[in-house]
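>
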Amino acid sequence: MYDVWQNVLAEIEQQISAANFSTWFQNTNLLSTEDGHIRIGVKNSFYVKQLRARYINIISTALKNNNVDVVDIDFEVQSNSKTKPRSREITNDDNSIKNRIRNIKIAPKPTTEAHNNGLNSKYTLENFVIGSNNELAVAAAKSIIDAPGTRYNPFFLYGGPGLGKTHLVQAIGNELLKNNPNLKIFYTPISHFYSDFIDAIQNGKGKEFNRKFQKLDCLIIDDFQFIVNKEKSQEEFFNIFNDLYQLNKQIIVTSDRLPSQIKTVDERLASRLTWAGAFDLQLPKFEDKCAILRAKAELMGAEIEPEAIEYIAENINTNIRDLEGEFSTILLMSEVRGLTPLELIESGSVSVNKNSKLRPVSSKQVVDKVAKYYQLSVKDLQSKSRVSNIKTARQVAMYILSKELSLSTNKIAAEVGVKDHTTVMHGIKKIEKDLKLNFILRDQIEEIKEKIYGQ
Ligand code: ADP
Ligand code: MG
């Protein structure tokens, strides 16, 4: 148990900032995993809330990547004198709601395991909403479905967590199979690839392992970024890749970043992976988020007012997984409370994650906290200095002032000490662009926001 948890933690550590990792995961341990009911021990009830709100999906994925079945995840406070939850936090009523929410937030286990191809039939192209954030990737996906192994081979898809990578590549696999049930398709997260590979080697079945892959018509590898430090597996993958490629078999790879940004990836492999281009999934814009929520509502046969959809879309700025999570929570709570989703929101009994509007902060506080975070004085931040650290701090302040306080670019210019608003526009764009791939920056901005809102 201990070993598994260490592996899970190692995987999580790769994905979040060092500060977040030590804050939230240092004192956790795995209590049991019986029948997929995962129990994780934590320090106090505050951690339960935060881990559930922010990291449940990362934990779930990391557990699954380490071959632990996950049906649901529960956090338990581990202390001798059990700290009582603050009364405002949990009522009996809320508790049962939370339990039910817990159960629906986690994706069900693949239903098609009988085929042993790793595909989960719930991921279809039909229920993948096309928007400005993913239209190029979807166009390429469609072209692959029409003619696998031709134009977009390999198909390299990248983007931050929760943006639809797994969904889209699984959908390609499912559609290919629909068109031709005889195709041999195999989907695997890279972490399973390497654990299966190590098993095979240890059992003297390395050749068989290789042969199994050579027979495929389409190989889908998910979360390739976890190949880090797995030289032997990487080599094996490279061989399989070359063989399949030469036979014009379709190869599909997802990752949270470009191959060149993954440490310890062989340069030749990195360049081959993007031979046919690299497609990214971006953060959805407001309209995209509304479209996704409308589609989900329709799929679930749920009634939800357009204003409620807009409210959720406006307030969830992280990713589609969180968007879905909040949506399910609101639907479930509205059902339990006997209110419509909009009535529920208006009653103030749900506070959407990352909803800054509920807690007003001043622009001075923002500038002050950003400066402090970068260990600068406010004067430094507002200076004309172009030293990289100071410039970044200034641009992050511009970004937060714009996104969180919705200030005009002119007002932002005055707050951060720049002359004109085009510099502000440029600064905000720069951060937006960097955020797509720079995970450290993403975490830093989250941390700064936590400081600003005082948690
Ligand atoms: P990733 O693999 O990039 O971390 P997932 O594919 O697991 O993300 O997507 C997270 C959740 O969001 C899934 O439940 C998925 O079905 C949903 N999702 C992502 N993109 C879309 C989309 N364009 N339309 C509908 N649902 C989406
Ligand atoms: Mg995924």
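For the sequence shown, my numbering gives the first residue as 416, with consecutive numbering after it. Virtual Cβ for every residue (Gly too), placed ideally from N, Cα, C.
From the DSSP secondary-structure annotation, give me the bridge partner or partners of D875.
For residue 875 there is no data in the structure shown, the boundaries of the chain being 416 and 870.
> I505 by DSSP, collapsed to three states: which one?
With a pLDDT of only 34 at I505, under 50, the local geometry of the prediction cannot be trusted, and no value is derived from it.
> Got a sec: is the Cβ-Cβ distance from Q665 to anything in chain C below 8 Å?
Absent here is chain C; the protein component of the structure consists of one chain.
> Would you mind working out which of N435, Q697, F490 and A706 sits nearest D858, comparing C-alpha positions?
N435
> With 16 other CB atoms within 10 Å as the buried threshold, where does G577 fall?
Classification of G577: buried, given that the 10 Å Cβ count is 16 or more.
> Does DSSP put L446 in a helix, a strand or coil?
strand
> Does Y538 pass the burial test, meaning 16 or more other C-beta atoms within 10 Å, or should it be called exposed?
buried
> If you follow the alpha helix (DSSP H) that D737 is part of, which residue opens it and which one closes it?
Start and end: I735 to R752.
> Where V370 and M715 are concerned, what is the direct C-alpha to C-alpha distance, given to the nearest angstrom?
Nothing can be reported for residue 370, as the shown portion of the chain is limited to 416 through 870.
> Please determine if the region 539 to 549 and the region 608 to 619 are in contact, where contact requires at least 3 C-beta pairs separated by less than 8 Å.
no
> Could you give the residue range of the beta strand (DSSP E) that holds P604?
I600 to P604
> Can you list, in chain order, the residues of its chain with a C-beta nearer than 6 Å to that of G842? Leave out the 5 residues immediately preceding and following it.
Q810 and M813
> Alpha carbons only, please: which of A691, I707 and Q640 is nearest the one belonging to D681?
Q640
> For a quick check, are the C-beta atoms of I735 and G579 less than 8 Å apart?
yes
> Can you name the start and end residues of the alpha helix (DSSP H) that Y660 belongs to?
That run of the alpha helix (DSSP H) goes E646 to Q661.
> In angstroms, rounded to a whole number, what distance separates the CA positions of T476 and L684?
25 Å
> Is T679 helix, strand or coil when you go by DSSP?
coil
> Once you ignore the five residues that flank P604 on each side, which residues in its own chain have a CB closer than 8 Å to its CB?
Around P604: K479, N480, I636, D637, D638 and F641.
> Taking the alpha carbon of S821 as the reference point, which residue from V793, M840, I431 and I727 has its own alpha carbon closest?
M840
> Going by DSSP, what residue range makes up the beta strand (DSSP E) through F570?
F570 to Y573
> Which residue or residues does DSSP assign as beta-bridge partners of T669?
L572
> Relative to the C-alpha of D849, which residue among I805, L698 and S762 is closest?
L698
> Can you give the Cα-Cα distance for K806 and A829, rounded to whole angstroms?
16 Å
> Please determine whether the Cβ atom of L544 lies at a distance below 7 Å from any heavy atom of ligand 1.
The question names Leu, but residue 544 is Val in the sequence shown. Within the cutoff, so yes.
> Ends of the alpha helix (DSSP H) at L714?
F701 to M715
> Between the alpha carbons of D632 and N535, how many angstroms are there, rounded?
18 Å
> Which value, in whole angstroms, describes the spacing of the CA atoms of V751 and E729?
For V751 and E729, the distance between alpha carbons rounds to 24 Å.
> Measuring alpha carbon to alpha carbon, tell me which residue in L688, L446, E449 and W439 is nearest Y462.
Closest in alpha carbon position to Y462, among L688, L446, E449 and W439, is W439.
> What are the complete alpha helix (DSSP H) segments, minimum 4 residues, inside the region 614 to 644?
Entirely contained in the region 614 to 644, the alpha helix (DSSP H) runs reaching 4 residues are, in chain order, 621 to 629.
> Cβ of K580 within 7 Å of any heavy atom in ligand 1?
yes
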